[in-house]
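The structure appears below as structure tokens.
Protein chains: 2
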Amino acid sequence: MGKNRKRLIQAAMGEIPCDLTIRNIQYVNVFTGEIYPAQVDVIDGYVARVREAGEEAEQPAAEIVDGEGNYLIPGFVDTHVHVESSMLIPENFSRAVIPWGTTAVCTDPHEIANVLGIDGVKFMLENASRSALRQYVLAPSCVPAVPGLECSGAEFGEEEIGEILDMDHVVGVAELMDYVGVCRGSERMYRIMEKGLEKGAYLQGHGPLLGGRELSAYRAAGAESDHESETAEEIQEKLRRGMHINLRASSLANHMDQLAAGVRRIPYHDFISICTDDVHAGDLLSSGHINRVVRCAIENGLEPVDVIRMATLNGAREYGFKELGAVAPGYAADMQLVRALDGSQPERVWIAGKTVAVKGQYVGEDEGQPIDFPNTVKTSWIAGAEDLALTVDGPEREAAVNVIVPVDGGNIFRRAEVQKLPVRDGRVCLDSREDLAFVCVINRHGRRNKTVAVFQNFGLKKGAVGTTVSHDSHNVVIVYKKEEDGCRLLRELERMGGGLCVVEDGQVTGKVALPAAGLMSAGSCQEAAGEFETYRRAFYRVCRPETPLLSCAIMSLTALPEIVVTDCGLVDGGRQEFIPVFPGRE
Amino acid sequence: MGKNRKRLIQAAMGEIPCDLTIRNIQYVNVFTGEIYPAQVDVIDGYVARVREAGEEAEQPAAEIVDGEGNYLIPGFVDTHVHVESSMLIPENFSRAVIPWGTTAVCTDPHEIANVLGIDGVKFMLENASRSALRQYVLAPSCVPAVPGLECSGAEFGEEEIGEILDMDHVVGVAELMDYVGVCRGSERMYRIMEKGLEKGAYLQGHGPLLGGRELSAYRAAGAESDHESETAEEIQEKLRRGMHINLRASSLANHMDQLAAGVRRIPYHDFISICTDDVHAGDLLSSGHINRVVRCAIENGLEPVDVIRMATLNGAREYGFKELGAVAPGYAADMQLVRALDGSQPERVWIAGKTVAVKGQYVGEDEGQPIDFPNTVKTSWIAGAEDLALTVDGPEREAAVNVIVPVDGGNIFRRAEVQKLPVRDGRVCLDSREDLAFVCVINRHGRRNKTVAVFQNFGLKKGAVGTTVSHDSHNVVIVYKKEEDGCRLLRELERMGGGLCVVEDGQVTGKVALPAAGLMSAGSCQEAAGEFETYRRAFYRVCRPETPLLSCAIMSLTALPEIVVTDCGLVDGGRQEFIPVFPGRE
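First to last, the protein sequences are chains Y and H. Okay, so the first sequence: first residue is 3 according to the numbering used here, each after it adds one. Okay, so the second sequence: first residue is 3 according to the numbering used here, each after it adds one.
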């Protein structure tokens, strides 16, 4: 940051003029919880002094902003977020979240790391460096998430983690998702953690439903935080073990009523911060970022100043950021002017003393440069529609197939059920079964792996839907009735360099281009959200309304204790083992 | 510490037996503020697990201790202490404070650094390493305290600070006492702070009565804490600026009523910790260490669990010690069993899972080894009594002398007053004035500097008193009626290698030997306190009861805005300049 302490001291002493004074504000002091009238003096991007009523500046600042009696609070700190989930590259993510008052984020580039490895992490860092948002990175600890059951584009061991930890702006090891491995003495996880601890890094945790001895083992291993709590009891137990709690409300999960109840059980909140984890472009555009979680926490009865403290100072302390999270002498001048302490959009946002947003509009100076993204969808080895067929050796007219069957109304929880399906010309044929569709998962990282399976009640009425966003390895997932539609869709994904796509009657009717690693758009939040909306409409012309829009994206998620499909085969996630597509034939 | 995380994880999971279980306790959870029944499992010196009611151990521990329903709390952390003030060397300090529940201290070896420089700091570290107490060291920032007005045994600039910061167990830069220099842009202080920040060190503050723009400048410069507050307003203002507040009750200062009032003004206490600063051996023996400050805070109305949190977790977080300050998985097993949450002596104390004290008795395994201290009292260049005379050139029978005159009942606040005094054989003679005594300050660090002055109403009735403990340069200070008595005392100080001494009727009648740098005893706390008590009685046979026992020790304290005497001359501390002993003659 290039802090010139001499000038800062001189400015605080009134010996030299400041760059900026913000007057006529209700200053929210996150250290003490007090709110009082004050004036904030800034020089070289840092706060020099917060003058209380009656203290006059010795020399007028170059710029004086009238706060019009609004509240001045620090910029928000997101303690755990995957930028890729917004489908925006870091610089566009920056422009999207800053108008909502977020000024610093701690990101886990886990998704791009699974596609591009260390180069992906470097891309995120490099692109983030063009933005005004302070973007800190944590080294993804679980690449791939579950080795052996799928093939991603990279594999991180202790060496890669060490290499990443040595990069600028890298501040820790990202969520230790393999908590089972940690508790059971996984050598790989153990070495990754040791590497992190050796380098003095913060170890971020991820322990859904973890309690009792497993939680103790996980904490003792070094995991310092958790953002997965869904109940008041979980919050309480994790706080008792000394974990930092990152209160989360994402596009995928929001249990704030329970979380708020947990927080209210405990008088001390200094180990509680705020995170978003995964927020889609559309949600960013319509309802915000950290401010949305703040709003939600306040609506659930938590005290506004306390929640603001969590979203600022507590988050910064969790990471040991000594210059962030407060508006106080020596702190970075990252701050926002808000009409009310309720998580609504700020009137104005500053980062390092520069105005970066006014009334919801980003006004920072950084401009996007065209980026030449390498195409990461390496699936040209699929020659044509015939490669997407589910083929059977031999002359049989019928085959027993392990069909994936949802066990509730949605299609996330599912089991395998053996069904006899007709075979024509050596291919399983679904023409007679409207409730079935093919699922094909194709490796896009350079291996010639693919799996074709059958899914019951996915909700596909015709055509095909597919994506290159598919946790955690981000291989291509296509769901289709006819192989030709599936192939048409694959070719479009290749052409776009990745994305989301819908094919109806042989035509592409909806798509979102995600050329950055097949995960992120090149466009702004508005553009990405707009494209996504068009895609959504096309999706629901070929799928029933009950089908979750992101069904394809979690088709391969081996961390789920369900039946999933990876490029390597059909997987029972609960048992962490393969099951055959054709039972009894392999 | 050599933490074996694999074994820790296995112990938490119940796969291997623990070394120690403490059962039947009321567990005080400093993270949540809750108190509940629990059992604590320890392995390899770390806590593996805290089992709540109903959770059984899978395997019994090697040792099981019955807590008899007492409270289990973490060991106390002292966030600012000068070990030398106890007159004990670090290993004996350790044995003295552990039975009171202190398990970690952050020390400023400022006193010994002024005598022995970096070698002094190394001695403190080396000797501390023999002890069970976790002793962290901060690099003394103001050696000498006020350059130019006195000659100490060392001078620390950025290079020395850097060298110390690179040593093991050194965790920061110690109290930036030259706050005036910091605010006024002192190049020396600036460079010392930059060196600390460059090495990621914690910068400890010291800002008595600092407020307004000076406080902002001091905070912006990087000073993170303060332990000098004496009023509720100071506490509040410093907390508002984001400073860590170290609540202090020392042998010299106790303003806990005011401090507690300040704490009660603010709802958040996570930036508040506890320190002792200076505690004498006698006080350590009779009333304790951090527990005494805890007791005092509770007596002044603060909530017990909250104060215990300050004395443990908050202090550890202030320094970024991630394994200290709590009894929780992965934390060092530093803990104490107490009958009540009131700061009274613990029933039992553990450090790294080993019992180190039981009912006030130290039971650790470390034993003192004889130490060969180098004699630091280099005053043999004072040939005899004649060198302690206040001599006047020329034949005058009378001389105008700047006499030091206390302005209140004590002798700390004082001014200079010109008085005509008789001269006999070229020496100022005090025979006719019972209210006067000579003060001589003699450099003991290798320079042939000395100053003889006259003090009114010191309270010396006869003989001489003197010391090698004399802040901040620790030169020899002797107060005497007759030069012969002064010289007798000096020779005894030389013989002892430093200490405190009383001479009456030509005989040494009281003394405390402080062979470690002329500051610390070689004996235990009991021995040092016993010697000191004998000295005290001898002191009050030659001095009036109003004379503070430590008058000599602050005779040279140039930081006081009073008239003081250093080896270089008579000094007006308020103006930070010399004044002549004989006005008009120099």
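Note that CB positions come from ideal geometry on N, CA and C, so glycine has one too. Here the structure is a predicted model, which is why all the values come from computation and not from measurement.
H/M15 versus chain Y: which residues are under 9 Å apart at the beta carbon?
-> Within the second sequence, residue 15 of chain H is the residue found at index 13, counting from 1. Near H/M15 (Cβ distances below 9 Å), the residues of chain Y are C185, R186, G187, R215, E216, S218 and A219.
What do you reckon, are the CB atoms on H/G355 and H/C489 nearer than 7 Å?
-> Along the second sequence, read from residue 1 onward, the residue named residue 355 of chain H stands at position 353. Along the second sequence, read from residue 1 onward, the residue named residue 489 of chain H stands at position 487. Contact flag unset, no.
Starting from the C-beta of Y/F33, find all residues in its chain whose C-beta is less than 8 Å away, skip the five residues before and the five after it, and write them out in chain order.
-> To locate residue 33 of chain Y, count along the first sequence from 1; it is residue 31. Same-chain partners within the cutoff: L315, A328 and A330.
Got a sec? Which residues, its chain only, sit under 7 Å from H/R417 by beta carbon, not counting five neighbours each side?
-> Sequence index remark: in the second sequence, residue 417 of chain H carries index 415 (1-based). Counting only Cβ-Cβ distances below 7 Å, and skipping sequence neighbours, we find V407, V409 and I565.
Classify H/Q12 as buried or exposed, calling it buried when 16 or more other Cβ atoms lie within 10 Å of its own Cβ.
-> As a first step, residue 12 of chain H is located in the second sequence; it is residue number 10 there, counting from the start. The residue in question, H/Q12, is buried, as its Cβ has 16 or more Cβ neighbours within 10 Å.
What do you get for H/G244, buried or exposed, if any count of 16 or more other CB atoms within 10 angstroms of its CB means buried?
-> Residue 244 of chain H sits at position 242 when you count from the first residue of the second sequence. By the 10 Å Cβ count, H/G244 comes out buried.
Taking 7 Å as the CB-CB cut-off, is H/D272 touching chain Y?
-> Locating residue 272 of chain H in the second sequence gives position 270, where the first residue counts as 1. So, interface residue.
Mind checking who Y/K513 pairs with in its DSSP beta bridge?
-> In the first sequence, counting from the first residue as 1, residue 513 of chain Y sits at position 511. DSSP lists Y/C503 as the bridge partner or partners of Y/K513.
Neighbour-count burial assignment, H/S131, 16 or more Cβ in a 10 Å radius | On the second sequence, residue 131 of chain H is found 129 positions in, with the first residue counted as 1. Per the 10 Å Cβ criterion, exposed.
Under 7 Å between C-beta atoms of Y/T560 and Y/E36 | Within the first sequence, the letter at position 558 stands for residue 560 of chain Y. Within the first sequence, the letter at position 34 stands for residue 36 of chain Y. No; because the gap between Cβ atoms is not below 7 Å, this pair is not in contact.
Taking Cβ-Cβ distances shorter than 9 Å, what residues in chain H pair up with Y/E57?
-> The sequence position of residue 57 of chain Y within the first sequence is 55, counting from 1. The answer, in chain order, is G214 and R215.
Y/L502 to Y/Q528 span [Cα, whole Å] = To locate residue 502 of chain Y, count along the first sequence from 1; it is residue 500. To locate residue 528 of chain Y, count along the first sequence from 1; it is residue 526. Whole-angstrom Cα-Cα distance: 17 Å.
Does the beta-carbon distance from H/I292 to H/I276 come in below 7 Å?
-> Start at 1 with the first residue of the second sequence, and residue 292 of chain H comes out as number 290. Start at 1 with the first residue of the second sequence, and residue 276 of chain H comes out as number 274. Yes, the Cβ-Cβ distance between H/I292 and H/I276 is below 7 Å.
DSSP three-state call for H/F2: helix, strand or coil?
-> The first residue shown for chain H is 3 and the last is 588, placing residue 2 of chain H beyond what the model contains.
List the endpoints of the continuous beta strand (DSSP E) containing H/Y192.
-> Residue 192 of chain H sits at position 190 when you count from the first residue of the second sequence. Looking at the DSSP string, H/Y192 is not in any beta strand (DSSP E); the run it does join, the alpha helix (DSSP H), is E189 to E200.
How big is the Cα-Cα spacing for Y/L135 and Y/T109?
-> As a working mapping, residue 135 of chain Y is identified with position 133 in the first sequence. As a working mapping, residue 109 of chain Y is identified with position 107 in the first sequence. Distance between the alpha carbons of Y/L135 and Y/T109 is about 12 Å.
Run through the segment 151-237 of chain H for me and flag every whole beta strand (DSSP E) of 3 or more residues, listed as ranges in chain order.
-> 172-175
Taking H/L462 as the query, report the chain Y residues whose CB atoms sit under 9 Å from its CB, ordered along the chain.
-> Mapped onto the second sequence, residue 462 of chain H falls at position 460. The contacting residues do not exist; H/L462 stays about 45 Å from chain Y at best.
Pair within 7 Å by beta-carbon distance, Y/F580 and Y/G586 | Along the first sequence, read from residue 1 onward, the residue named residue 580 of chain Y stands at position 578. Along the first sequence, read from residue 1 onward, the residue named residue 586 of chain Y stands at position 584. Not closer than 7 Å, so no.
Expected contact under 8 Å - CB spacing of Y/V42 and Y/T23 to nearest Å = Sequence index remark: in the first sequence, residue 42 of chain Y carries index 40 (1-based). Sequence index remark: in the first sequence, residue 23 of chain Y carries index 21 (1-based). Contact flag correct, Cβ pair sits at about 7 Å.
Whose CA, out of H/G159, H/G499, H/R193 and H/A439, lies closest to the CA of H/K463?
-> Position 461 of the second sequence holds residue 463 of chain H. Answer by Cα proximity: H/A439.
Per DSSP, H/G571 forms a beta bridge with which residues?
-> Start at 1 with the first residue of the second sequence, and residue 571 of chain H comes out as number 569. Partner(s): H/T568.
According to DSSP, residues forming a beta bridge with H/M522 = Residue numbering aside, residue 522 of chain H sits at position 520 when the second sequence is read from its first letter. Looking at the DSSP assignment, H/M522 forms a beta bridge with H/A518.
Where are the beta strand (DSSP E) runs, 3 residues long or more, that stay fully inside the segment 75-130 of chain Y, in chain order?
-> The beta strand (DSSP E) runs lying completely inside the segment 75-130 of chain Y and spanning 3 residues or more are 78-83 and 104-109, given in chain order.
May I ask which residues mark the beginning and end of the beta strand (DSSP E) holding H/L22?
-> For the purposes of this step, residue 22 of chain H is taken as the residue at position 20 of the second sequence. Per DSSP, H/L22 belongs to the beta strand (DSSP E) from L22 to V30.
Determine the DSSP secondary structure at Y/E54, reduced to helix, strand or coil.
-> Looking up residue 54 of chain Y in the first sequence gives position 52. In this structure, Y/E54 counts as strand in the three-state DSSP scheme.
H/Q528: contacting residues in chain Y (beta-carbon distance under 8 Å) | Residue 528 of chain H sits at position 526 when you count from the first residue of the second sequence. What H/Q528 touches in chain Y: nothing, since even the nearest Cβ is about 38 Å away.
Is the Cβ of Y/P331 closer than 7 Å to any Cβ of chain H?
-> Locating residue 331 of chain Y in the first sequence gives position 329, where the first residue counts as 1. Answer yes: the Cβ-Cβ gap between Y/P331 and chain H drops below 7 Å somewhere.
What is the DSSP secondary structure of H/C277, counted as helix, strand or coil?
-> The residue you call residue 277 of chain H lines up with position 275 of the second sequence. If DSSP states are grouped into helix, strand and coil, H/C277 belongs with the strands.
Residue nearest to Y/E305 in terms of C-alpha spacing, selected from Y/V281, Y/I384, Y/H271 and Y/T278 | In the first sequence, residue 305 of chain Y corresponds to position 303, counting from 1. Closest by alpha carbon: Y/H271.
Using CA coordinates, which residue listed in H/Q61, H/K452 and H/R311 is at the minimum distance from H/C20?
-> Counting from one through the second sequence, the residue named residue 20 of chain H turns up at place 18. Scanning H/Q61, H/K452 and H/R311 for the CA closest to the CA of H/C20 turns up H/Q61.
Starting from the C-beta of Y/Y38, find all residues in its chain whose C-beta is less than 8 Å away, skip the five residues before and the five after it, and write them out in chain order.
-> On the first sequence, position 36 is the one that residue 38 of chain Y refers to. Contacts found: Q28, Y29, N31, E54 and A55.
Taking 6 Å as the cut-off, is the CB of Y/I66 close to at least one heavy atom of the ligand ADP?
-> Ligands in the displayed structure: none, and consequently the ligand ADP is not present.
Since Y/L211 meets chain H, which of its residues come closer than 8 Å, beta carbon to beta carbon?
-> As a working note, residue 211 of chain Y is residue 209 in the first sequence. In chain order: nothing, as chain H lies at least about 16 Å away.
Hey, how far is the Cα of Y/D474 from the Cα of Y/E160?
-> If you number the first sequence from 1, residue 474 of chain Y lands on position 472. If you number the first sequence from 1, residue 160 of chain Y lands on position 158. Spanning the two alpha carbons is a distance of roughly 19 Å.
Around the C-beta of H/D336, are 16 or more other C-beta atoms found within 10 angstroms, so that it is buried, or is it exposed?
-> Residue numbering aside, residue 336 of chain H sits at position 334 when the second sequence is read from its first letter. By the 10 Å Cβ count, H/D336 comes out buried.
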